[in-house]
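Next comes the structure, spelled out in structure tokens:
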């Protein structure tokens, strides 16, 4: 209320604490000295040794992600440079007893510690003002300290203007730079500074720190809530304290896991583990039901897939680094189930699931129907979780009878890799990506799907063997047997890699039929009377016959356009174009044709004597 002097007084009985505005946790628990900094021991050790030996640099560059303490470290460093207390008048790292300038520096209001945000002061004029001021000695402190935050935002001219002063500053001036984008800072500036990379804070340290803060605030919070907040903070103390502040307000003074999960829009970690188990078992129905429950509870589709990818990564890590299970941010369910899956699942399966999840997350983020996109990704993963690798598929094929087919191919001159390589190549070509078609025996199904395409058919009638050494020979055989469809497929779809007696390695053109290798096996067997194997190669192969003819025709047309007479005609008639090129016969060709007998034995017209009138 107002008294007679016009000043405002607090009501009777109101404590000073009740009048003070609320300070968020990130500011209230901001580190005040180097002992309060967590997770930055290498930097603290270096600075301690430097201050003890008197080897104090003229400029420092602090870099790291948001919220790890760059600006706070800069203020603590400015406080250490200007520390002055009873009996102590020198720079020191020991700041346990507040000095004369400490409070003003930590609150950002000391006249000799100038803080500048480069994001809003990017030009050369701002730097010119600094350059003009550095010549003056500090007002009350030992050093005049310039703290420039987000220094990478300075313009090129501003950086250039700062170089000379930064290299040879007055003895009473120190520079401290902070940035999240160290790569955008010119190397000429970096070379004049001592660089400290502030690391992301380990989740275990974050959990302990947040538990300590909650205890000082008198807030009850469980371990699962702390783990979720630490995980969401991603190594940033400030982000984590902001989330903790929000969780306290969200829960009305008490924090529980369900409230934090709802606030962050996270999936239930135990449900994520259950979803992972359903996928690895190939139980699509259970996986989709689990996903729907989480989705209906408020978890975003992309968040569910991301958490699933995190658990996949955890299982893979536990497979090689069992100590990773000691991370305090992990729940007991994640720790036990992760170790169990790490012992059961192979690296091949885990890597495949990881890749499919990354693709599914991208599809979900960009889809107009994210829930449906996420479900389709889960279906693909469930079907592909137990799909064998190509090597396992080949072994299963050989164990199921494919080896004998391969042996038959070898007897026909196929070489050691005839039957097996053919089966694997065609099987990989025909197998749909991302799934094996259902549960059960995936490797056996892979063998059966490939077998009809590669098995050499029995020849019912003896046929005279024909040598084939090129695609032209195959086209000629197709013409001879009046198989126009196969002739067209060979001309347009087959890119030859290599050909041997009884063995053909090809690559298919993009528009070729996937069943072409199997059809070639049957046709070549019928036409030549020998057993053939056709293998799909990863090599590009030679162009198809149709591609060669197209290229030849285009070359002829291009040459024709460059002919002076043709060019003159095209210029004289706008819109005219060369559609075909035919090579005219020479006089020698015409003479030879005139002297040669026709195919039916008749005398050519040129051989008739013009003086003969016997008719």
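Residue numbers (the working numbering): 4 to 618.
Even glycine gets a Cβ: it sits at the ideal position worked out from N, Cα and C.
- Selection 552, 34, 527 evaluated against residue 216 yields 34 as nearest (Cα-Cα).
- Spanning the alpha carbons of residue 121 and residue 153 requires a straight line of approximately 6 angstroms.
- For residue 499, the beta-bridge partners assigned by DSSP are 509.
- In this structure, residue 544 and residue 498 form a Cβ contact; the two beta carbons are roughly 3 angstroms apart against a cut-off of 8 angstroms.
- In the assembly as shown, residue 492 is a buried residue. Its beta-carbon has 16 or more other beta-carbons within 10 Å.
- For residue 64, DSSP records a beta bridge to 180, 198.
- Residue 537 has 507 as its beta-bridge partners, per DSSP.
- For residue 374, the three-state secondary structure derived from DSSP is helix.
- Between the beta-carbon of residue 381 and that of residue 317 there is about 18 angstroms, and that puts the pair past the 8 angstroms contact cut.
- In this structure, the straight-line span from the alpha carbon of residue 289 to that of residue 302 is close to 17 angstroms.
- Here DSSP, grouped into helix, strand and coil, assigns residue 258 to strand.
- Between the segment 350-361 and the segment 307-321 there are three or more C-beta pairs closer than 8 angstroms, enough to call the two in contact.
- Within the same chain, 228, 231, 250 come within 6 angstroms of residue 263 by CB-CB distance, once the 5 residues on both sides are set aside.
- Residue burial is scored here from C-beta neighbours: residue 337 has at least 16 other C-beta atoms within 10 angstroms and is therefore classed as buried.
- According to the DSSP assignment, residue 86 belongs to no beta strand (DSSP E), since it is labelled neither H nor E.
- Counting the other CB atoms within 10 Å of its CB gives residue 323 a total below 16, which places it among the exposed residues.
- Relative to residue 384, the option among 368, 360, 398 whose CA is nearest is 360.
- Shown here, residue 44 sits in a helix according to DSSP, grouped into three states.
- Between the C-alpha atoms of residue 164 and residue 131 there is a straight-line separation of about 7 angstroms.
- Out of 74, 286, 379, the CA that lies nearest to the CA of residue 362 is found in 379.
- For residue 543, there is no enclosing alpha helix (DSSP H), as DSSP marks it with neither H nor E.
- Our two residues, residue 206 and residue 304, have alpha carbons roughly 25 angstroms apart in a direct line.
- Under DSSP, residue 148 shares a beta bridge with 116, 177.
- By the neighbour-count definition (other C-beta atoms within 10 Å, threshold 16), residue 517 is an exposed residue.
- For residue 91, DSSP records a beta bridge to 88.
- By the neighbour-count definition (other C-beta atoms within 10 Å, threshold 16), residue 256 is an exposed residue.
- Residue pairing for residue 127: DSSP places it in no beta bridge.
- Judged by DSSP secondary structure, residue 320 falls within the alpha helix (DSSP H) whose first and last residues are 304-323.
- When secondary structure is reduced to three states using DSSP, residue 352 falls in the helix class.
- Secondary structure of residue 572 (DSSP, three-state): helix.
- With distances taken between CA atoms, residue 183 lies nearest to 198 out of 171, 541, 198, 177.
- When secondary structure is reduced to three states using DSSP, residue 224 falls in the strand class.
- Per DSSP, residue 69 is not a residue of any alpha helix (DSSP H), being assigned neither H nor E.
- By the neighbour-count definition (other C-beta atoms within 10 Å, threshold 16), residue 344 is a buried residue.
- Of the other Cβ atoms in all chains shown, 16 or more fall within 10 Å of the Cβ of residue 113; this residue is therefore buried.
- Residue 156 sits in a helix when the DSSP states are folded into three classes.
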